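**Student:**
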Amino acid sequence: MVVGSLPVELWRVILAYLPLPDLGRCCQVCRAWRELILSLDNTRWRQLCLGCPECRHPNWPSQPHQEPPSWREALKQHALSTRTWTQNGPELQSSACLLFFRRRKDRRVWHVGPGCEFETLRGALGVVGPYDRVVLHPGVYEEQAEVALKVPVELVGLGRLGEVALLVCMEQQCPTARLCNLVFMPPWFSTVVYKTSWGHVQLDNCNFEGAQLQIRGPGTCQARFCSFSQGSSAHLLGVVLSLLDSCDFSGSDTASVTIEGPPVSERNWACKHLAALARTFPSCGASGNDSPPRGPLADSTGGHQPPGGNVKKEPVSIDWQRRTGVDAVCQGTVIEDGWSDGDRSDGEEENRGGGGTNNTKNPLILDYKIPCDHHGLSHLLKPQPDGSLPLASTSDPPSLTPEPLTLQQELDRDPEAQMLAASTLGCILRRCLFREGKGGVHLSNYGQARLEGNVFRGLNYAVRCIQNSTIVMLRNEVCECRASGVFLRLSAQGLIAENNIHSNGEAGLDIRKGANPIIVCNKIHSGLRSGVVVLGNGKGSIRSNQIYNNKEAGVYILFSGNPVVSGNHIFQGQAAGIAINENGRGMITENVIKENQWGGVDIRRGGDPILRNNYICYGYSDGVVVGERGRGLIEGNHVYCNKGCGVWVMSSSLPQLLGNYITHNCMYGLAVFCRKDPENIEAREGNWPGQDGIGGEAGSRERRGVEGEGIEGQENLNEEGELFAWESDLDSEDERHSAHRSISVALVESNCMSYNGVGLYVKSSEPLNVFANLVNSNRGTGIAVLQSSQLTRLGTNCILENGRGGVTVEKDCRVELRGNGIYKNSGHGVGFSGNGQILENDVVGNRGYGIQVSGSADIKVMRNRVQPVQGFGVAVLGPVKGVVHDNLLFQGHPGNKKALLHIDPGNESCVLRNNNVLRRNSCTSAPPWVLENPPPRPLASSPSGLSSSQYPSRLAISVTNRISATVESGCHSGSMFCSIL
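In terms of the working numbering, the sequence shown opens at residue 163 and continues consecutively.
Pasting the structure below:
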């Protein structure tokens, strides 16, 4: 017969009448016939698949309206699965086929029911032979005692599912059995309706109502298209391998599936067949198709490329200043409490009023400028080899976007995750639906499970993994849980990858008590609390996830939680991006944290993380908040385009800020406060929505246990409601070894603070060290110290081209300026009204005074090199105490008529001596002035006693040596030594 003799459409109509065996024979005729038979996928193959009484829709129960990729393939998988129970014959390959046919030939069919051979199930089971089929006619079959299956047998219900009900308790004592199209209900004496401890049972298209299925290793189970309802559950104890595929679990009183105990060492015959069957399943697609929102800046939030990361470059589509409201916000909030940087300098007023100097009028005017571009931090301002401008020199925010890694990339670089992804030990659950009950899957006591393509919806919790158990979760959907979605406790571990975890009442994932999972490439979003919570010595590796639109922190670390959080995109949260509280720790690296309502990263109350190489940007508040008693190493981060401050620090904290790029923030680049800031007080005090007063409200379950609060406030996040004694779980302070050097004074070192409202703003009651930073091109003052009751050291910084003064120090502040380069600012180079020292600085090219000392300050101004443009070089105004000596003053603009060294006539308490004033003689040609011996400050040299690994190589910030030297007599109390840079 030739296919071409009739139209293909007509052949399809004819072939649609053939049964399954005849279709198989037609496929073997020739290639043309085979292609013709395969083309019937959406017609005849679909009819055969849906018409099979032992099979439901291939995507039942989670997506019954979604068409499978191939109906023929679905029917093939069903046929292979239904034959697993018959494959326990001898291993001899030559006789395996004959043995199978012998069984089929000798196999008998027994009918049970009214008017049949047997009226009771027990009677039929007493006479059946191996591999016989028992057909149960519609009706209810009840047994008053336990029924034993002693030979391999197949029990099949006749008619539609639900017409045959069994009220029995069966114990399998044979190697294999199959049950199909039956409804199991518990008898009066037991809730267990089926149990086996060494054989294999196959369940196809069965319902369990208020009943329990119990499998004990080395026994195995394969359940397909089964329904567990009205409190039904499956208990697997020490199983080596079992497979639950396309099952529906609803209305559970406890966990729907409980897996307990390590897999036993003994294996039954079905293990290898189940393992092979598991490998033949097609890869499951993600159950949820929610994709994260992509705003106009979703692909333009990065800086430099992180190691191993994907980078996508796109132009910024919206002017960032208009988006973040710089024009509207900064004018009123850059300077706090009405502080106005003092009166504008004469030079600044002249420049703003159009009276600035015109360098084209006199060719000699250019000669007065002292070159200062070759200072120790100049490499941060020079164009890169590819011609691009460095971040400190461009007025545009970064446009490179680091993309999260794919799952395959994560597996390639993590052998442990790769091994877990390939494992098939324990209980395998695929394409199941867990809904409207208390719990989904519970693992304990070294249990093992693999969950793939399941849906968990409307439960108290989806997965609970405790007591050294191991879980692998791939491409599941976990949503609308009343508590947290996934709990991991007591040294649990595993791999949680490519899941869609959303809309849960508590945290999406809750990790505590030594649990250490690998969490990669998930979408964790739209939660009513936090995305991921790590506490109580919890660990874990949280990588390449998309965590967004959660009501509280995207990642919340507290109570000695210590995870690795790397390569995630954490965005559009309604609170902080990452919060570290209550002695939380963690390694937080290479994340993109953007567009969050409060701080991108919030550290307080003993939080001590390592925050390295992250991109913290476009936040609606501050970039990084270090609140009360916060600590941590904040190194190599890009903090930019935040509506508040780049970094906000409370003076009672002890952070280390090293090598960060803090740019384009609306308010301050770095702000150090000693009290509550009236701006964004809730965000900076940690009172996000739902976090009202840690330890105060009983409803706040994730932030607990502040010292001094009542015990009743220490309720913690636990779905069972029990209270934990946290003190017994937490490491003592003596046991905690910090991963970075210990400090007793907050340290700000080797950072770039550019294009912010104010570069550095200090209003502190604690000491502060600020060394080797580049502070340039800010719209306001470079460094403003409004309050500093203890010593603030400003050393070897470069303060360049800021919109107002270089450094401003207000009354009663204690400040030491040493070894800084203060160049080309629009106001005074240094405006000083406090107490302290101004030693060995280069103050050149500023439009106002070089150094202005005013008020009742007690100060030393020594060994500075000063050249103003228009104003005084050094001006002593008011009843200033102290000494001004050994300074070198250069004449500025030839038209400047003001004295280079000025002191109020009535001042008798300030001593001027050994100051050298250099003026240019217009009649003679002399070589231009240069700064030499030493060259322009800050000086560049290798850091002393620090390894190169402590600073990101790409930042290339050279830190000058610190040399301890005895302070000269008359130094202010509180400092035995000064830091000479």
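No residue lacks a Cβ here, since even glycine has one placed at the ideal position from N, Cα and C.
Everything numeric in this text was worked out from a predicted model, so none of it was measured.
For the region 675-741, which segments carrying the beta strand (DSSP E) assignment without a break, of at least 3 residues, lie completely within its bounds, in sequence order?
**Tutor:** Entirely contained in the region 675-741, the beta strand (DSSP E) runs reaching 3 residues are, in chain order, 678-682, 685-687, 694-697, 703-705, 708-710, 717-719, 726-728 and 731-733.
**Student:** Which term fits S926, buried or exposed, when burial requires 16 or more other beta carbons within 10 angstroms of its beta carbon?
**Tutor:** The residue is buried, with at least 16 neighbouring Cβ atoms inside 10 Å.
**Student:** Run through the region 1048-1099 for me and flag every whole beta strand (DSSP E) of 3 or more residues, listed as ranges in chain order.
**Tutor:** You should have 1050-1052, 1063-1065, 1072-1075 and 1078-1080.
**Student:** Drop a sphere of 10 angstroms on the beta-carbon of I176, count the other beta-carbons inside from all chains shown, and report buried for 16 or more, exposed for fewer.
**Tutor:** With fewer than 16 Cβ atoms within 10 Å of its Cβ, I176 is classed as exposed.
**Student:** Nearest by alpha-carbon distance to H537: which of I681, T958 and V971 is it?
**Tutor:** Among I681, T958 and V971, the Cα nearest to that of H537 belongs to T958.
**Student:** By the DSSP assignment, the beta strand (DSSP E) with G921 in it spans what residues?
**Tutor:** That run of the beta strand (DSSP E) goes V920 to S926.
**Student:** Can you give me the C-alpha to C-alpha distance between E316 and N662, rounded to a whole angstrom?
**Tutor:** C-alpha separation (whole angstroms): 39 Å.
**Student:** Decide if D410 is buried, meaning its Cβ has at least 16 other Cβ atoms within 10 Å, or exposed.
**Tutor:** Buried: at least 16 other Cβ atoms inside 10 Å.
**Student:** In this structure, does DSSP put D184 in helix, strand or coil?
**Tutor:** In this structure, D184 counts as helix in the three-state DSSP scheme.
**Student:** Go ahead and pull the three-state DSSP assignment for L773.
**Tutor:** Three-state DSSP puts L773 in a strand.
**Student:** Can you check DSSP and say which residues form a bridge with R378?
**Tutor:** L399, per the DSSP bridge assignment.
**Student:** Bridge partners of A611, per DSSP?
**Tutor:** Answer is C589 and I633, bridged to A611.
**Student:** Going straight from the alpha carbon of C1072 to that of V937, what length do you get?
**Tutor:** Whole-angstrom Cα-Cα distance: 31 Å.
**Student:** Under the three-state reduction of DSSP, which class applies to T416: helix, strand or coil?
**Tutor:** DSSP places T416 in coil when its eight states are reduced to three.
**Student:** Going by other Cβ atoms of all chains shown within 10 Å of its Cβ, with 16 needed for buried, is K544 buried or exposed?
**Tutor:** K544 is exposed by the Cβ-count criterion.
**Student:** Can you grab the Cα-Cα spacing for the pair A490 / I961, in whole Å?
**Tutor:** With a pLDDT of 40 at A490, under the threshold of 50, the modelled position of that residue is not reliable, and the figure given next carries that caveat. Going from the Cα of A490 to the Cα of I961 covers about 26 Å.
**Student:** Which same chain residues end up closer than 7 Å to P1041 when comparing Cβ atoms and leaving out the 5 residues on each side of it in sequence?
**Tutor:** Cβ within range, chain order: S1018, N1069 and S1071.
**Student:** Helix, strand or coil for T248, going by three-state DSSP, please let me know.
**Tutor:** The answer is helix: DSSP assigns T248 an H, G or I state.
**Student:** Report the rounded CA-to-CA distance for P679 versus I628, giving the unit in angstroms.
**Tutor:** Going from the Cα of P679 to the Cα of I628 covers about 11 Å.
**Student:** Would you say R1027 and L1093 are within 8 Å of each other, going by their C-beta atoms?
**Tutor:** Against a cut-off of 8 Å, the Cβ pair of L1093 and R1027 comes out as a contact.
**Student:** Grab the span of the alpha helix (DSSP H) containing E572 for me, first residue to last.
**Tutor:** L569 to R575 is the extent of the alpha helix (DSSP H) around E572.
**Student:** Just grab the DSSP bridge partners of N343 for me.
**Tutor:** Answer by DSSP bridge pairing: none, since N343 is not bridged.
**Student:** What do you get for W350, buried or exposed, if any count of 16 or more other CB atoms within 10 angstroms of its CB means buried?
**Tutor:** That one is exposed.
**Student:** On a CA-only basis, which of A417, R691, R767 and D548 is nearest A1188? Give me that one, please.
**Tutor:** Shown here, the chain extends from 163 to 1143; a query on residue 1188 therefore has no answer.
**Student:** Taking just the CA atoms, how far does P929 sit from Q952?
**Tutor:** The alpha-carbon atoms of Q952 and P929 are separated by roughly 5 Å.
**Student:** First and last residue of the beta strand (DSSP E) that includes E978?
**Tutor:** Counting along the chain, the beta strand (DSSP E) containing E978 begins and ends at R976 to R980.
**Student:** Please check the pair L1101 and V1079, which I expect to be a contact at CB under 8 Å, by giving their CB distance rounded to whole angstroms.
**Tutor:** Contact flag wrong, Cβ pair sits at about 25 Å.
**Student:** Taking the alpha-carbon positions, what's the S201 to Q228 distance?
**Tutor:** Whole-angstrom Cα-Cα distance: 20 Å.
**Student:** Report the option in L182, K312 and Q999 whose CA atom is closest to the CA atom of D1020.
**Tutor:** Answer by Cα proximity: Q999.
**Student:** If you count every other CB in all the chains shown that lies within 10 Å of the CB of M581, and 16 or more means buried, which is it?
**Tutor:** It counts as exposed.
**Student:** Helix or strand or just coil, what does DSSP make of D1020?
**Tutor:** Three-state result, D1020: strand.
**Student:** Is it buried or exposed for G515, if we count other Cβ within 10 angstroms and need 16 for buried?
**Tutor:** Residue confidence for G515 is low, a pLDDT of 46 falling below 50, so the modelled location carries little weight and cannot support an answer.
**Student:** Of the choices G762, R774 and V788, whose alpha-carbon is the least far from that of Y780?
**Tutor:** Selected option, being the one with the closest Cα: G762.
**Student:** Using CA coordinates, which residue listed in V924, G808, S224 and T205 is at the minimum distance from R234?
**Tutor:** With distances taken between Cα atoms, R234 lies closest to T205.
**Student:** Tell me the rounded alpha-carbon separation between G288 and G609.
**Tutor:** Near 37 Å, if we compare the C-alpha coordinates of G609 and G288.
**Student:** Give every residue of the same chain whose Cβ lies closer than 6 Å to the Cβ of Q734, excluding the five residues on either side of it in the sequence, and list them in chain order.
**Tutor:** The residues are Y710, N711 and E757.
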